[in-house]
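Sequential numbering of the sequence shown, starting at 1, is according to UniProt numbering. Quick notes on the structure that follows.
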Amino acid sequence: MPLQLLRRALAASAQRLRPPAAPCTEPRGARPCSLAACSSYRLRDALHPLWQSELSVSGGTRQSPINIQWRDSVYDPHLKPLKIHYDPTTCLYIWNNGYSFQVEFDDSADKSVIMGGPLENHYRLKQFHFHWGAINEWGSEHMVDSKVYPAELHLVHWNPVTSTSFEDAVMENNGLVVIGVFLKLGAHHAGLQKLVDALPAVRHKDAIVEFDVFDPSCLMPSCPDYWTYDGSLTTPPLTESVTWIIKKTPIEVDQNQLEEFRMLLFTSAGEEEKRMVDNFRPLQPLMNRTVRSSFRNHHLLNIETRPSELAHQHSP
């Protein structure tokens with residue numbers, strides 16, 4: 001696709017999804033009070049207006065992100081393994097949309113799809129993006145037992161069986177599936193490096209660069225375990241159309257790779273520079289939802305069986 005046509009498509013998309021400006025009214029207690037989470041609120045005034053404003057859907061009962069409580073998640077033996085097939089040639093470009101960098105894919109055919117898991121049919125990959133913090137102590141949108149990761153990957157898919165386009169699927173119940181993958185500080189991630197190397201070209205808002213032959217399955221952890229729940233988009237229009245699949249195991253990236261994320265800007269060329277950091281939405285209430293897991297809760301079993309095991313070891 002010619003770059004000029006891509007720019008026009010992006011401009012139209014940005015206009016549709018741009019939220020109205022509003023003063024910061026987000027309650028400070030939206031995320032659980034841990035040292036990392038509470039400290040992050042000192043930086044909220046510097047955030048993009050997308051996360052400063054009070055963002056909500058009237059009457060919404062399934063908003064995202066959430067804090068996944070391992071103890072309260074319910075093992076569902078009917079959940080299937082998630083099957084992923086991404087065609088690297090469907091990757092098109094990277095662009096800085098003003099609140100993250102987004103990698104877009106050709107979704108005109110069933111070439112890059114997922115199936116299985118909690119899904120009744122296949123879903124097409126539309127794009128992926130990340131959320132991250134100014135430092136390593138916070139950045140992910142979801143939490144697990146109030147644990148925060150420095151970044152989180154979101155791979156966004158839509159349902160071609162019930163919708164004719166991604167834009168239609170955004171407004172449909174269960175029209176979207178988002179796979180969430182946590183990033184933690186550790187070893188260098190070779191698969192991510194090609195993407196990191198391209199980031200300087202999209203440092204400013206609205207910058208776009210062609211990016212082809214990339215397989216995002218390299219960003220998936222090898223462990224197949226996941227949680228799933230019914231939720232929403234975490235950016236406007238915040239529609240409650242998302243089946244979330246949150247991978248249990250994070251992937252490792254090194255410090256230099258995370259720092260390249262933080263070199264991006266919320267601002268356009270020629271404007272006063274504002275670093276693109278802390279681009280996450282605060283936690284939302286679980287309400288009456290159930291988080292299901294594809295794996296047995298051995299973490300909980302180990303905790304509960306440990307006292308009896310110790311008693312047995314000390315018995316005469």
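All C-beta atoms, glycine included, are put in the ideal place defined by N, C-alpha and C.
Does DSSP put residue i in a helix, in a strand, or in coil?
i           : result
residue 317 : No statement about residue 317 is possible, as the shown extent of the chain runs from 1 to 316 and does not include it.
residue 71  : coil
residue 156 : strand
residue 181 : strand
residue 167 : helix
residue 116 : strand
residue 130 : strand
residue 277 : coil
residue 91  : strand
residue 80  : coil
residue 96  : strand
residue 202 : helix
residue 261 : helix
residue 190 : helix
residue 196 : helix
residue 176 : strand
residue 255 : helix
residue 125 : strand
Relative to the C-alpha of residue i, which candidate in the options has its C-alpha closest?
i           : options            : result
residue 108 : 102, 126, 95, 194  : 126
residue 129 : 72, 145, 235       : 235
residue 138 : 219, 280, 297      : 280
residue 80  : 177, 224, 197, 209 : 224
residue 90  : 110, 255, 100      : 110
residue 171 : 182, 181, 183, 158 : 158
residue 94  : 183, 206, 250, 69  : 206
residue 215 : 150, 155, 167      : 155
residue 196 : 261, 231, 116      : 261
residue 286 : 274, 193, 232      : 232
residue 92  : 182, 112, 99, 183  : 112
residue 135 : 164, 184, 122      : 184
residue 239 : 173, 210, 226      : 173
residue 296 : 273, 227, 176      : 227
residue 217 : 68, 114, 99, 70    : 114
residue 194 : 253, 164, 181      : 253
residue 182 : 160, 70, 133, 251  : 251
To the nearest angstrom, how far is the alpha carbon of residue i from that of residue j?
i           : j           : result
residue 212 : residue 178 : 22 Å
residue 288 : residue 186 : 36 Å
residue 143 : residue 270 : 36 Å
residue 294 : residue 259 : 33 Å
residue 208 : residue 64  : 28 Å
residue 88  : residue 188 : 22 Å
residue 21  : residue 66  : Because residue 21 sits at a pLDDT of 36, beneath the cut-off of 50, its placement in the model cannot be relied upon, and the point is left open.
residue 190 : residue 103 : 18 Å
residue 147 : residue 140 : 9 Å
residue 39  : residue 62  : With a pLDDT of only 37 at residue 39, under 50, the local geometry of the prediction cannot be trusted, and the value read off the model is given with reservation. Cα to Cα, the separation comes out at about 27 Å.
residue 101 : residue 267 : 12 Å
residue 290 : residue 86  : 29 Å
residue 30  : residue 150 : Summary for residue 30: the model assigns pLDDT 39, below 50, so the residue's position carries little reliability; its value from the coordinates is reported in the next sentence. Spanning the two alpha carbons is a distance of roughly 18 Å.
residue 73  : residue 292 : 5 Å
residue 204 : residue 276 : 9 Å
residue 60  : residue 282 : 15 Å
residue 219 : residue 264 : 20 Å
residue 77  : residue 221 : 21 Å
Assign residue i to one of two classes, buried (16 or more other C-beta atoms within 10 Å of its C-beta) or exposed (fewer than that).
i           : result
residue 145 : exposed
residue 75  : exposed
residue 284 : buried
residue 256 : exposed
residue 248 : buried
residue 124 : buried
residue 152 : buried
residue 97  : buried
residue 230 : buried
residue 278 : buried
residue 175 : buried
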